[in-house]
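Chemist: Protein chains in written order, with UniProt numbering: chain A, 1 to 121; chain B, 1 to 575. Ideal placement from N, C-alpha and C gives every residue a C-beta, glycine not left out. Nothing here was measured: the structure is a model prediction, and the numbers come from that model. The structure's right below; bear with me while I get my questions together.
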Amino acid sequence: PSYFIFFSFQQRIEIHKLRQGDNLILGFSIGGGIDQDPTQNPFSEDKTDKGIYVTRVTEGGPAEVAGLQIGDKIMQVNGWDMTMVTHDQARKRLTKRNEEVVRLLVTRQSLQKAVQQSMMS
Amino acid sequence: KIESLKVTVDFLKVPLGLKKPPLKEALAAVPGPGRPKPLGVERHKPRCSDTMDNESQYSGYSYKSGHSRSSRKHRDRRDRHRSKSRDGSRGDKSVTIQAPGEPLLDNESTRGDERDDNWGETTTVVTGTSEHSISHDDITRITKDMEDSAHLDCSRHLGVLLAGALALFAFLTPLAFMLLPQLLWREELEPCGTPCEGLFISVAFKLLILLLGSWALFFRRPKAFFPRVFVFRALLMVLIFLLVVSYWLFYGVRILDSRDRNYQGVVQYAVSLVDALLFVHYLAVVLLELRQLQPQFTLKAVRSADGASRFYNVGHLSIQRAAVWILENYYHDFPVYNPALLNLPKSVLSKKMSGFKVYSLGEENTTNNSTGQSRAVIAAAARRRDNSHNEYYYEEAEHERRVRKRRARLVVAVEEAFTHIKRLQEEDQKNPREIMDPREAAQAIFASMARAMQKYLRTTKQQPYHTMESILQHLEFCITHDMTPKVRGGHGERYLTAGPTIQYHKDRWLAKQWTLVSEEPVTNGLKDGVVFVLKRQDFSLVVSTKKIPFFKLSEEFVDPKSHKFVMRLQSETSV
């Protein structure tokens, strides 16, 4: 017999920004923030969670290359906390003009199929 | 002779640098005698008056018949002079606000001279009984007698007369100024036509205005007798006196002596005096009436017996005026003092009677052990498991239930009673024998609800406050004004809850018994942190002062166009 385990793990992701014209882009979209409505967040398990979530990842962009996935919750950006920020503050922290590299600490929920090892052996 | 009840006397604390023994001030504090003439005094109260009224008048102090009138007067005059020469008193601890006619123990007045030894102390002496003490009923009877009879109060009269004389003097002075040249050297005067007539008219009207203003401001019944000089009034009187005297001085020297011919100048001089008097009157209005209007302090008055408290906002007042203000508000704000309601029911307290006995084994050093013993007893008593709170709770609940039941019976009885009468309509044809006036109507229906009423009052321990007469009067009142049974019967708040003291009969007011106890001289102004106590026989009102905080208001401009709103949705930003 096998069953599903729902768990979350943290991952560090380093994204190198891509220059497009005058802007540096990261290639994903964020949603959430303490000034937003958390009940509309499709990715969060706890509907009162006001954290910043990744809502879209553009194909072939720097974020996808670095391993960011849709539904990830961003906990830190370059050491700055992102769990208690407004939407706009989060955007600002990600799009600082003088930073070429952003290091994110993200939390991802995974659905794993766990096989009972003991049964097998 | 009539003996007195009670006196609170404090001896003076010696102020630093004051050479003269404050004993004299203590004498000043001790009053004069007698009772004031009730109405006569108020009628001709003059313009910058009442100073003397508010001076150290302890009219209540009577004294033994051994004292002669002359010595008394002499002492009073000396005291008054002394207290007037000093603005306010220093270091007096406790003074009595007494309405006239209140008898007090007279120990102090006789022992005045022996106080020399004690003038350095600060002690509060409350002499509750002397060999002349009498029962409470006698006292109330005596008080009533005194209110009815008109006694002559020499010292208070003296004060009023003095103020009146001064006012009259000031009033007539301009007229004298203008008349004297006419009388004395009429032939030599230069003729003075239109300007003089104009000035005459203006003088006449200004004097009239002054008269009306003084009447409005000063001709009032005093609402209380203050223990000490009312500083502002004394100040004003002195000011007027100086003003008038200086005017006379110049007049005498410049005009009378030299026989000035210029009559217009003389008339103008008189007009200037009238103007100056009008300005002094303005000063009086500002000092006496306006200054205290803007609230500066919050006074908290707490009744010591049951903790009822109220807050009041007052302006700049002296302690004695603030005390009178508090008393005025006390009578309509505080629920009437009902001593029967204060104590825990006996059943609750009786359990506590059994105490602990402490035996000391070993040596007999008694001095150390006494405190140790009492501490041990207290600690042991505290530790003992005691269920008196339970008793109290159940007793209270039971009482509540009983009161509610009785109240329900009362309300029903009253409602029913009032269905029996109705107002006579004009078109009804009724036998004249059946028509009643409100009093008879009240009596007619009283019988049916008397029993329920009596039971209710007994349960709420209010029966001393409502005599049958007062109930009948209230019924009559309600019937006359067509009030609903809620007011009449449940008797609205009148019987169901204890109302403020002033709605009860005068006997309950006990307005003459208040004593002001204060650590600072009572003519000092209120300051932050001043505490004074208004004592009565059975409880006291503790009043503490707090300054109203200084508010720093800052302005923030909000552009009406800046009120914008957005929907709170999940927004998505691409980075």
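Beta-carbon within less than 8 Å of B:Asp538's beta-carbon, same chain only, minus the 5 sequence neighbours each way: which residues are those?
Modeler: Numbered from its first residue, the second sequence carries residue 538 of chain B at position 538. Ala305, Tyr337, Pro339, listed in sequence order.
Chemist: To which residues does DSSP link A:His16 through a beta bridge?
Modeler: Taking the first residue of the first sequence as 1, we reach residue 16 of chain A at position 16. Bridge partners of A:His16: A:Val101.
Chemist: Return the CA-CA distance between B:Tyr331 and B:Phe171, expressed in angstroms with no decimal places.
Modeler: Your numbering for residue 331 of chain B matches position 331 in the second sequence. Your numbering for residue 171 of chain B matches position 171 in the second sequence. C-alpha separation (whole angstroms): 39 Å.
Chemist: Is the separation between the beta-carbon of B:Arg536 and that of B:Trp514 shorter than 8 Å?
Modeler: In the second sequence, the residue the question calls residue 536 of chain B occupies position 536. In the second sequence, the residue the question calls residue 514 of chain B occupies position 514. Yes, the pair counts as a contact, with Cβ atoms nearer than the cut-off.
Chemist: So what's B:Phe539 in DSSP terms, helix, strand or just coil?
Modeler: One-based indexing of the second sequence puts residue 539 of chain B at position 539. Coil at B:Phe539, not helix or strand.
Chemist: If we call anything under 8 Å between Cβ atoms a contact, is B:Leu534 one with B:Leu327?
Modeler: Walking along the second sequence from the start, residue 534 of chain B turns up at place 534. Walking along the second sequence from the start, residue 327 of chain B turns up at place 327. Cβ atoms of B:Leu534 and B:Leu327: closer than 8 Å.
Chemist: Can you name the start and end residues of the beta strand (DSSP E) that A:Gln76 belongs to?
Modeler: Here residue 76 of chain A refers to the residue found at position 76 of the first sequence. Here the beta strand (DSSP E) through A:Gln76 covers 73-77.
Chemist: So, with DSSP's three-state summary, where would you put A:Ile25?
Modeler: Within the first sequence, numbered from 1, the residue matching residue 25 of chain A stands at position 25. Strand, per DSSP.
Chemist: With a cut-off of 8 Å, do at least 3 Cβ pairs link the stretch 71-91 of chain A to the stretch 25-42 of chain A?
Modeler: yes
Chemist: Suppose the cutoff is 7 Å on Cβ atoms and the five residues either side in sequence are ignored; what does the same chain contact list for B:Pro295 look like?
Modeler: Residue 295 of chain B sits at position 295 when you count from the first residue of the second sequence. The answer, listed in chain order, is Asn313, Val314, Gly315, Ile548.
Chemist: Between the Cα of B:Ala167 and the Cα atoms of B:Ser214, B:Phe311, B:Ile255, B:Leu180, which residue gives the shortest distance?
Modeler: Your numbering for residue 167 of chain B matches position 167 in the second sequence. Ranking the options by Cα distance to B:Ala167, first place goes to B:Ser214.
Chemist: Identify whether B:Thr51 lies in helix, strand or coil by the three-state DSSP scheme.
Modeler: Against the second sequence, residue 51 of chain B aligns to sequence position 51. Confidence at B:Thr51 is low in this model, with a pLDDT of 41, below 50, so the placement of that residue should be treated as unreliable; the coordinate-derived value is given next. DSSP places B:Thr51 in helix when its eight states are reduced to three.
Chemist: Does B:Ser574 come within less than 8 Å of chain A when only Cβ atoms are used?
Modeler: Here residue 574 of chain B refers to the residue found at position 574 when the second sequence is read from its first residue. Interface residue, yes.
Chemist: Kindly confirm or deny that the stretch 517-524 of chain B and the stretch 275-288 of chain B touch, where touching means at least three C-beta pairs closer than 8 Å.
Modeler: no
Chemist: With a cut-off of 8 Å on the beta carbons, I'd call B:Arg259 and B:Glu190 a contact; round off their distance for me.
Modeler: Position 259 of the second sequence, counted from the start, is the residue given in the question as residue 259 of chain B. Position 190 of the second sequence, counted from the start, is the residue given in the question as residue 190 of chain B. Approximately 12 Å separates the beta-carbon atoms of B:Arg259 and B:Glu190; this is outside 8 Å, ruling out the contact.
Chemist: Buried or exposed for A:Ser44, going by 16 or more other Cβ atoms inside 10 Å?
Modeler: The residue given as residue 44 of chain A occupies position 44 in the first sequence. Flag for A:Ser44 reads buried.
Chemist: In this structure, what does DSSP give as the bridge partners for B:Lys527?
Modeler: In the second sequence, the residue the question calls residue 527 of chain B occupies position 527. Answer is none; B:Lys527 lacks a bridge partner.
Chemist: Which two residues bound the contiguous alpha helix (DSSP H) that contains B:Ala447?
Modeler: Translated into the one-based positions of the second sequence, residue 447 of chain B becomes position 447. Residues 438-459.
Chemist: How far does the alpha helix (DSSP H) with B:Thr480 in it extend, from its first residue to its last?
Modeler: Translated into positions along the second sequence, residue 480 of chain B becomes position 480. For B:Thr480, the uninterrupted alpha helix (DSSP H) run begins and ends at 468-480, by DSSP.
Chemist: So which residues of chain A does B:Ser562 contact, with C-beta pairs closer than 9 Å?
Modeler: Counting from 1 along the second sequence, the entry for residue 562 of chain B is found at position 562. None at all; the shortest Cβ gap to chain A is about 18 Å.
Chemist: Using alpha carbons as the reference points, say which of B:Met449, B:Val403, B:Arg401, B:Met468 lies closest to B:Thr419.
Modeler: For the purposes of this step, residue 419 of chain B is identified with residue 419 of the second sequence, where counting begins at 1. Distances from the alpha-carbon of B:Thr419 to those of B:Met449, B:Val403, B:Arg401, B:Met468 put B:Met449 closest.
Chemist: Quick one: Cα of A:Arg103 to Cα of A:Ala63, how far?
Modeler: The count along the first sequence starts at 1 and reaches residue 103 of chain A at position 103. The count along the first sequence starts at 1 and reaches residue 63 of chain A at position 63. So the alpha carbons of these two residues sit roughly 11 Å apart.
Chemist: Look up B:Tyr312 in the DSSP assignment and give the residues it is bridged to.
Modeler: Start at 1 with the first residue of the second sequence, and residue 312 of chain B comes out as number 312. DSSP, once it has assigned bridges, lists B:Leu299 as partnering B:Tyr312.
Chemist: In whole angstroms, what is the alpha-carbon distance linking B:Gly529 and B:Ile445?
Modeler: As a working mapping, residue 529 of chain B is identified with position 529 in the second sequence. As a working mapping, residue 445 of chain B is identified with position 445 in the second sequence. Approximately 55 Å, taken between the alpha carbons.
Chemist: Going by beta carbon distance, what residues of the same chain come within less than 6 Å of A:Thr55, once the five residues before and after it are set aside?
Modeler: Residue 55 of chain A sits at position 55 when you count from the first residue of the first sequence. Excluding positions up to five away in sequence, the list reads Ser29, Gly31.
Chemist: Looking at B:Arg310: is its Cβ nearer than 8 Å to the Cβ of B:Asp333?
Modeler: Residue mapping note: residue 310 of chain B aligns to position 310 of the second sequence, counting from 1. Residue mapping note: residue 333 of chain B aligns to position 333 of the second sequence, counting from 1. Yes, Cβ-Cβ distance for B:Arg310 and B:Asp333 is below 8 Å.
Chemist: What do you get for A:Asn23, buried or exposed, if any count of 16 or more other CB atoms within 10 angstroms of its CB means buried?
Modeler: Residue numbering aside, residue 23 of chain A sits at position 23 when the first sequence is read from its first letter. Flag for A:Asn23 reads exposed.
Chemist: The beta strand (DSSP E) spanning B:Glu572 covers which residue range?
Modeler: Stepping through the second sequence from its first residue, residue 572 of chain B is reached at position 572. Run containing B:Glu572: 572-574, per the beta strand (DSSP E) assignment.
Chemist: In whole angstroms, what is the alpha-carbon distance linking B:Ile471 and B:Ala308?
Modeler: The residue you call residue 471 of chain B lines up with position 471 of the second sequence. The residue you call residue 308 of chain B lines up with position 308 of the second sequence. Roughly 26 Å separates the two Cα atoms.
Chemist: Out of curiosity, what's the CA-to-CA distance linking A:Leu68 and A:Lys96?
Modeler: Taking the first residue of the first sequence as 1, we reach residue 68 of chain A at position 68. Taking the first residue of the first sequence as 1, we reach residue 96 of chain A at position 96. Rounded to the nearest angstrom, the two C-alpha atoms are 19 Å apart.
Chemist: For B:Gln425, does the count of other Cβ atoms within 10 angstroms reach 16, so buried, or fall short, so exposed?
Modeler: The count along the second sequence starts at 1 and reaches residue 425 of chain B at position 425. Result: exposed.
Chemist: Sorted by chain position, which residues of the same chain lie with C-beta nearer than 7 Å to B:Glu556's C-beta, five sequence neighbours on each side aside?
Modeler: Locating residue 556 of chain B in the second sequence gives position 556, counting from the first residue. Cβ neighbours of B:Glu556 beyond the five flanking positions: none.
Chemist: Since B:Leu208 contacts B:Ala284 with CB under 8 Å, what's their CB separation in whole angstroms?
Modeler: Here residue 208 of chain B refers to the residue found at position 208 of the second sequence. Here residue 284 of chain B refers to the residue found at position 284 of the second sequence. Their Cβ separation, rounded to whole angstroms, is 17 Å, which puts B:Leu208 and B:Ala284 out of contact at 8 Å.
Chemist: Which residues, taken in chain order from the stretch 35-48 of chain A, show a beta carbon closer than 7 Å to some beta carbon of chain B?
Modeler: Gln36, Asp37, Gln40, Asn41
Chemist: Does any CB atom of chain E fall closer than 8 Å to the CB of B:Ser571?
Modeler: Of the protein chains in the structure, A and B, none is chain E.
Chemist: Residues in the same chain with beta-carbon distance under 6 Å from B:Gln463, minus the five sequence neighbours each way, listed in chain order, please.
Modeler: One-based indexing of the second sequence puts residue 463 of chain B at position 463. Taken in chain order, the residues that qualify are Leu457.
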